[in-house]
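Each number in our numbering comes from the position in the sequence shown (counting from 1) with 117 added on.
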Amino acid sequence: MIPLTLATMTLVHWWRQRCVMGHKTGHSFSMHEERAGITRSDAVMGGRLLALAHENGYSELTEEVAALVSSAGSDSPSQITPPLYGGVLRWTVSTIADVVVDKIGPQVRGDESFELTIRTESGRHVRPEELPQPESTVMKAVVDALAGDSIAARSDLDEVVFAMDWASQMEALVEAVLWLDRLLDTPVPEGNDTPPW
């Protein structure tokens, strides 16, 4: 575990408050959330999942996500997954992008040359396309959200929502929420340091 500085703890606390309660308290949605088709109920459910992840409630988190994925309410092929699942996934991805911008700086928002890599437990850096599905699709959506292309990000996530099986949908949302939780606990990089994620 990396020690947190007071400034980082304040940032983490502020983001957790925004993620878990911000949309309930009447704060207005940001423009990118509206363009991405994210509703208040998507944000509230996303905040609930984030709180479960932060409290190490992995079994509760997976149960909540399983309920989202499996509550289609209809056997018709046009309703493969409930609308709420897609909205919560979009909220999680857009929030990951927001946290990256807050930690690295506004210069990454809209910068199509920004490259996102993930450091594995072994210390290896991997690009989104090197990851297995559905993680690679979720990572691509984060990169598109950072580039300011909410249409491409939504299209990426629609692949998860409408074309992937139940297990992949579960994995995509659980992993995205866990990633957001870890990202919130990651210290802000100093100077030109490589971000530790």
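Yeah, the Cβ is synthetic: ideal placement off N, Cα and C, and Gly gets one too. Keep in mind it's a predicted model, so treat the numbers as computed, not measured.
Within 10 Å of its beta-carbon, does GLU232 have 16 or more other beta-carbons around it, so buried, or fewer, so exposed?
Working through the sequence shown from its first residue, we reach residue 232 at position 115. Exposed, since its Cβ has fewer than 16 Cβ neighbours within 10 Å.
By Cβ distance, which residues of its chain are closer than 7 Å to THR234, with the 5 residues on each side in sequence left out?
Position 117 of the sequence shown holds residue 234. The residues are HIS242, VAL243, ARG244.
Short check: CB of ALA293 to CB of LEU263, under 8 Å?
By 1-based counting over the sequence shown, the position of residue 293 is 176. By 1-based counting over the sequence shown, the position of residue 263 is 146. Going by C-beta atoms, ALA293 is not nearer than 8 Å to LEU263.
In the structure shown, what three-state DSSP assignment does ARG244 receive?
In the sequence shown, counting from the first residue as 1, residue 244 sits at position 127. In the structure shown, ARG244 sits in coil (DSSP, three-state: anything other than H, G, I, E or B).
For the pair the segment 246–258 and the segment 217–232, tell me if three or more CB-CB distances fall below 8 Å.
Verdict: no, contact absent.
Going by DSSP, what residue range makes up the alpha helix (DSSP H) through ALA160?
Looking up residue 160 in the sequence shown gives position 43. Start and end: 157–171.
Rounded to a whole number of angstroms, what is the C-alpha to C-alpha distance between SER272 and GLY203?
By 1-based counting over the sequence shown, the position of residue 272 is 155. By 1-based counting over the sequence shown, the position of residue 203 is 86. Approximately 11 Å, taken between the alpha carbons.
Which residue or residues does DSSP assign as beta-bridge partners of ARG236?
If you number the sequence shown from 1, residue 236 lands on position 119. DSSP, once it has assigned bridges, lists HIS242 as partnering ARG236.
Could you tell me which of GLU172, SER176, HIS171, LEU206 sits nearest to VAL186, measuring between CA atoms?
Stepping through the sequence shown from its first residue, residue 186 is reached at position 69. Comparing Cα-Cα distances from VAL186 to each of GLU172, SER176, HIS171, LEU206, the minimum goes to LEU206.
Does DSSP put ALA214 in a helix, a strand or coil?
Position 97 of the sequence shown, counting from 1, holds the residue named residue 214. Looking at ALA214 - three-state DSSP - the assignment turns out to be helix.
Using a Cβ-Cβ cutoff of less than 7 Å, which residues in the same chain neighbour ASP210 once the five nearest sequence positions on both sides are dropped?
Position 93 of the sequence shown, counted from the first residue, corresponds to residue 210. A quick correction: the sequence has Val, not Asp, at residue 210. Once the five neighbours on either side are set aside, the close Cβ partners of VAL210 are VAL255, ALA258, VAL259, ALA262, ALA270, LEU274, ALA293.
Can you name, in chain order, every residue of its own chain whose Cβ lies under 7 Å from the Cβ of LEU178, other than the five neighbours on each side?
Reading the sequence shown from its first residue, position 61 is the one you call residue 178. So the list reads LEU166, LEU169, ALA170, VAL291, VAL294, once near-sequence residues are dropped.
For SER230, which of helix, strand or coil comes out of DSSP?
Locating residue 230 in the sequence shown gives position 113, counting from the first residue. Residue state, collapsed to three classes: coil.
Is PRO251 buried or exposed, if buried means 16 or more other CB atoms sit within 10 Å of its CB?
Taking the sequence shown and counting its residues from 1, one reaches residue 251 at position 134. So PRO251 counts as buried.
MET287 and ALA184 - do their beta-carbons sit closer together than 8 Å?
Translated into positions along the sequence shown, residue 184 becomes position 67. Translated into positions along the sequence shown, residue 287 becomes position 170. For ALA184 and MET287, no; Cβs fall outside 8 Å.
Could you round the C-beta distance between TRP208 and ALA284 to whole angstroms and report it? I think they count as a contact, below 8 Å.
Within the sequence shown, the letter at position 91 stands for residue 208. Within the sequence shown, the letter at position 167 stands for residue 284. That belief does not hold up - the Cβ atoms of TRP208 and ALA284 are roughly 21 Å apart, past 8 Å.
Where does SER188 sit, in a helix, a strand or coil, going by DSSP?
Reading the sequence shown from its first residue, position 71 is the one you call residue 188. If DSSP states are grouped into helix, strand and coil, SER188 belongs with coil.
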